[in-house]
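Chemist: Pasting a structure below so you can have a look.
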Amino acid sequence: MEQDASEPDPSRQRNGFVGTLYGEFTDTLDDSLRFSVSLTESALTIRRISSSPGRTKVVFDLTDCVGCRAHRGPDGADVGAYFTAYFYPFKRRWMAAGVARQRVEQGFRVALAREPLANLQEAERWARAIREASGMQAPRRDGVTYMEVRRPCRVMILVNPHSGRGQALQLFTGHVQGMLTEATVPYTLVTTEHQNHARELVRKADLSQWDALVIMSGDGLLFEVINGLMEREDWQEAIQTPLGILPGGSGNALAASVHHYSQSPPAWNEELLLSCGFMLCKGLVGSLDLVSIHLASRQRLFSFLSLAWGFVADVDIESEKYRHVGAIRFLMGTLVRLASLRVYQGKLAYLPVEEPPRPPKGSVKTSQPPSTPQHPSLCSSLPCQLIPDPSPNQNSPHNRITTNCNHNTVTNSSNNPVTTTKRPETQGGGKSMTLVDSLLPGLDQPVPESWTVVKEEDFVLVLAVYQSHLAEDLWTVPGAMADDGLIHLFYVTAGISRPALLRLFLAMEKGAHLACGCPYLVHEKVKALRLEPISPQGVITVDGEMVEYGPVQAQIHPGLARLICG
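Under full-length UniProt numbering, the first residue of the sequence shown is numbered 1, with each subsequent residue one higher.
Rendered as structure tokens:
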């Protein structure tokens, strides 16, 4: 990223704007080392000033910068001031192949005047300029626009200290806390004390006090938060609160998915945590599909990840006893369940996504009429003005960044997400509005004729998933996006051998299971589904949490929630 042509002429004005911001400073520890520093809208360029030829130059991409601060030195007699920028670029791993984000700190001493205050003001000017420039250089994906979390961002971070191997708090203090300080992100840390604590907290919280809710745990805690938000009277506003995920559990499916959506190289464990922390600091917000799930008891849940019955659900719940070993618990559970493979009887039906008709051979594809404007899949930068919201509730008393953003994301005939003015369908009046599942009949009613009824009734597993990953190392739907408006329905019918099933899950680590040609594996893209177990005993999970066993049906609601992503 070297752009020599745009660099200023040092012989002209120093320590001022000359096309770029330019200055000469010394090293923080050694005054004999001098550097020329130039800041453009996209990069910070550093050259060592030396009498020897071939000056060393380092270029930092501001996309990788999370913050910069100015400060005085530790020695009160030092008239100089300092500014330090914090970067997390991709660098080669020390002991393994590939690259991952790694922390780089770059600091300088400012001693241009004899007055300490003047030097501090100059350091603050540089720190402010670097922060502002890096804020405009978040790692956006091509063809996608985003909202941004308000700065400074007030964040509530919910930590489950018992998730995974019980190290979530240690992981936060060791890897995330410092990064948030560098990015000047103020936060309040809340430690959950019992099951559904987070659900109860967000259901009653004054959300006007927070710009984002961040979960440091596995996927179960986010399940609680989403359902707590949807149980509020003001759920339409509440669910617009940006949600962030920091992996601190065993599965970490959404964290792995968010990392994947950022188009970054694969990462696991602490590297995945660093990547998600980086995205939190950059503060880009996109859309997140939610799935409404109805149980036989008339209970309604909202899901962001998966609905499972059979093998996957069995492994998820039965492996709880191995939680102390971390993510390897799922491998242990898989091997145990393979040893005594079960077959479940049940009925499965779904509403398929209408695939665009293929043009006749030799036909010419025409362009879309200009009267139907296309928009990126996510909302635009604030204020949210992609499409005006005509609703009477647009002037919300909650002064949050997402209050006016009520656009739904759907899929057009080219499978490209587009933003429309369609709002979530609701019924009722005043604060008692409820979200309508217009695609679902009553559980006691037959499915409509437009649905597909699966002929087989003997299954090894049924899995509906709406993110790319089912765990850190299970790339279940390579083409999925957080806002593609799709439920990806997988089912494996009876007759598959144990080795063949094991091969499927091993191939899933690289997202290659759909290419295995397994005749027992079926994958469908659907908008809604119904599952009616016939076997008297079994396990059904929603986002990895066990729910009531019995008939269940689900419908997707595109872009209902907001997700901090990259």
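We put the CB at the ideal spot given by N, CA and C, even for glycine. This one's a predicted model, so the numbers in the text were calculated from it and none came from an experiment.
In whole angstroms, what separates the C-alpha of residue 391 from that of residue 256?
Modeler: Locating residue 391 in the sequence shown gives position 391, counting from the first residue. Locating residue 256 in the sequence shown gives position 256, counting from the first residue. Caution applies to residue 391, whose pLDDT of 36 falls short of 50 and renders its modelled position unreliable; the value that the coordinates give is listed next. Using only the alpha carbons, I get a separation of about 36 Å.
Chemist: Determine the burial state of residue 320: buried for a count of at least 16 other Cβ atoms within 10 Å of its Cβ, exposed for fewer.
Modeler: Within the sequence shown, the letter at position 320 stands for residue 320. By the 10 Å Cβ count, residue 320 comes out exposed.
Chemist: With DSSP as the reference, identify every bridge partner of residue 492, one or two as the case may be.
Modeler: Locating residue 492 in the sequence shown gives position 492, counting from the first residue. Note: residue 492 sits in a beta bridge opposite 461, 521.
Chemist: So what does DSSP say about residue 472, is it helix, strand or coil?
Modeler: Walking along the sequence shown from the start, residue 472 turns up at place 472. In this structure, residue 472 counts as coil in the three-state DSSP scheme.
Chemist: Does residue 455 come out as helix, strand or coil in the three-state DSSP assignment?
Modeler: Residue 455 sits at position 455 when you count from the first residue of the sequence shown. Coil.
Chemist: So residue 243 and residue 507 are in contact, right, with Cβ under 8 Å, and what is the actual spacing, rounded?
Modeler: Stepping through the sequence shown from its first residue, residue 243 is reached at position 243. Stepping through the sequence shown from its first residue, residue 507 is reached at position 507. Wrong, their Cβ atoms sit about 31 Å apart, outside the cutoff.
Chemist: Quick one: give me the first and last residue of the beta strand (DSSP E) that residue 157 is part of.
Modeler: Walking along the sequence shown from the start, residue 157 turns up at place 157. Here the beta strand (DSSP E) through residue 157 covers 155-159.
Chemist: Any idea if residue 397 is buried or exposed, counting beta-carbon neighbours within 10 angstroms, 16 or more meaning buried?
Modeler: Here residue 397 refers to the residue found at position 397 of the sequence shown. Confidence at residue 397 is low in this model, with a pLDDT of 30, below 50, so the placement of that residue should be treated as unreliable; the coordinate-derived value is given next. Exposed, by the Cβ-count rule.
Chemist: Tell me the rounded alpha-carbon separation between residue 8 and residue 126.
Modeler: Translated into positions along the sequence shown, residue 8 becomes position 8. Translated into positions along the sequence shown, residue 126 becomes position 126. Because the pLDDT at residue 8 is just 42, under 50, the model does not fix this residue reliably, and the point stays unresolved.
Chemist: For residue 458, count neighbouring C-beta atoms within 10 Å of its own C-beta (all shown protein chains included) and say buried if the count is 16 or more, exposed if not.
Modeler: For this step, residue 458 is matched to residue 458 along the sequence shown. Burial call: exposed.
Chemist: Rounding to the nearest angstrom, what Cα-Cα distance links residue 74 and residue 426 in this structure?
Modeler: On the sequence shown, position 74 is the one that residue 74 refers to. On the sequence shown, position 426 is the one that residue 426 refers to. About 59 Å.
Chemist: Tell me where the beta strand (DSSP E) around residue 243 begins and ends.
Modeler: Indexing the sequence shown from 1 puts residue 243 at position 243. Residue 243 -> beta strand (DSSP E) spans 243-247.
Chemist: In the DSSP assignment, find the alpha helix (DSSP H) that holds residue 256 and state where it starts and stops.
Modeler: Numbered from its first residue, the sequence shown carries residue 256 at position 256. Segment 253-261, the alpha helix (DSSP H) holding residue 256.
Chemist: Assuming residue 540 and residue 313 are in contact, meaning their beta carbons sit under 8 Å apart, how far apart are those beta carbons, in whole angstroms?
Modeler: The residue given as residue 540 occupies position 540 in the sequence shown. The residue given as residue 313 occupies position 313 in the sequence shown. About 6 Å; that satisfies the 8 Å criterion.
Chemist: Tell me where the alpha helix (DSSP H) around residue 197 begins and ends.
Modeler: To locate residue 197, count along the sequence shown from 1; it is residue 197. 197-204 is the span of the alpha helix (DSSP H), which, as asked, contains residue 197.
Chemist: With 16 as the cutoff for other CB atoms within 10 Å, does residue 210 come out buried or exposed?
Modeler: The residue you call residue 210 lines up with position 210 of the sequence shown. Looking at its Cβ environment, which holds 16 or more other Cβ atoms inside 10 Å, residue 210 is buried.
Chemist: So, with DSSP's three-state summary, where would you put residue 481?
Modeler: In the sequence shown, counting from the first residue as 1, residue 481 sits at position 481. Reduced to three states, the DSSP call for residue 481 is coil.
Chemist: Comparing alpha-carbon positions, which option in 28, 249, 307 lies nearest residue 293?
Modeler: Stepping through the sequence shown from its first residue, residue 293 is reached at position 293. It is 307.
Chemist: What's the gap between the Cα of residue 223 and the Cα of residue 234?
Modeler: By 1-based counting over the sequence shown, the position of residue 223 is 223. By 1-based counting over the sequence shown, the position of residue 234 is 234. Straight-line Cα distance between these residues: approximately 18 Å.
Chemist: Residue range of the alpha helix (DSSP H) that residue 281 falls in?
Modeler: For the purposes of this step, residue 281 is taken as residue 281 along the sequence shown, with counting starting at 1. From DSSP, the alpha helix (DSSP H) with residue 281 extends over 269-282.
Chemist: Going by C-alpha distance, which of 52, 29, 40, 92 is nearest residue 83?
Modeler: For this step, residue 83 is matched to residue 83 along the sequence shown. Considering only alpha carbons, the answer is 29.
Chemist: Can you tell me which of the three DSSP states residue 289 falls into?
Modeler: Reading the sequence shown from its first residue, position 289 is the one you call residue 289. If DSSP states are grouped into helix, strand and coil, residue 289 belongs with the strands.
Chemist: Residue 510 by DSSP, collapsed to three states: which one?
Modeler: Translated into positions along the sequence shown, residue 510 becomes position 510. The answer is coil: DSSP assigns residue 510 none of H, G, I, E or B.
Chemist: What is the rounded straight-line gap between the Cα of residue 354 and the Cα of residue 470?
Modeler: The residue you call residue 354 lines up with position 354 of the sequence shown. The residue you call residue 470 lines up with position 470 of the sequence shown. Cα to Cα, residue 354 sits roughly 25 Å from residue 470.
Chemist: Confirm, please, whether the CB-CB distance from residue 140 to residue 284 is below 8 Å.
Modeler: In the sequence shown, residue 284 corresponds to position 284, counting from 1. In the sequence shown, residue 140 corresponds to position 140, counting from 1. Contact flag set, yes.
Chemist: Give me the Cα-Cα distance between residue 156 and residue 208, rounded to the nearest whole angstrom.
Modeler: Working through the sequence shown from its first residue, we reach residue 156 at position 156. Working through the sequence shown from its first residue, we reach residue 208 at position 208. Roughly 12 Å between the two C-alpha positions.
Chemist: Nearest to residue 277 by alpha carbon, out of 478, 502, 183, 265?
Modeler: Here residue 277 corresponds to residue number 277 of the sequence shown, with the count starting at 1. Taking only the C-alpha atoms, the option nearest residue 277 is 183.
Chemist: Which residues in the same chain as residue 100 place their Cβ atom closer than 6 Å to its Cβ, once the five residues preceding and following it in sequence are excluded?
Modeler: What you label residue 100 is simply residue 100 of the sequence shown in a count that begins at 1. 93, 267, 271.
Chemist: Check each candidate in 195, 433, 483, 226 and name the one with the smallest Cα separation from residue 558.
Modeler: As a first step, residue 558 is located in the sequence shown; it is residue number 558 there, counting from the start. Ranking 195, 433, 483, 226 by Cα distance to residue 558 puts 483 first.
Chemist: In this structure, does DSSP put residue 588 in helix, strand or coil?
Modeler: Because the chain in this structure spans residues 1 to 566, residue 588 falls outside the shown range and cannot be described.
Chemist: Output needed for residue 33: all residues of its chain with C-beta closer than 8 Å, excluding positions within five of it in sequence on either side, in chain order.
Modeler: The count along the sequence shown starts at 1 and reaches residue 33 at position 33. Hits under 8 Å: 26, 27, 48.
Chemist: Do residue 461 and residue 330 have their CB atoms nearer than 8 Å?
Modeler: Indexing the sequence shown from 1 puts residue 461 at position 461. Indexing the sequence shown from 1 puts residue 330 at position 330. Contact flag unset, no.
Chemist: Count the other CB atoms, across all protein chains shown, that sit within 10 Å of the CB of residue 340; report buried if there are 16 or more and exposed otherwise.
Modeler: In the sequence shown, the residue the question calls residue 340 occupies position 340. When all chains shown are included, residue 340 counts as exposed.
Chemist: Whole angstroms are fine: how far does the CA of residue 451 sit from the CA of residue 564?
Modeler: Counting from one through the sequence shown, the residue named residue 564 turns up at place 564. Counting from one through the sequence shown, the residue named residue 451 turns up at place 451. Each residue's Cα considered, the two are about 34 Å apart.
Chemist: Using CA coordinates, which residue listed in 91, 138, 79, 231 is at the minimum distance from residue 67?
Modeler: What you label residue 67 is simply residue 67 of the sequence shown in a count that begins at 1. Taking only the C-alpha atoms, the option nearest residue 67 is 138.
Chemist: Please state whether DSSP places residue 540 in a helix, a strand or coil.
Modeler: Within the sequence shown, numbered from 1, the residue matching residue 540 stands at position 540. Note: residue 540 maps to strand in three-state DSSP.
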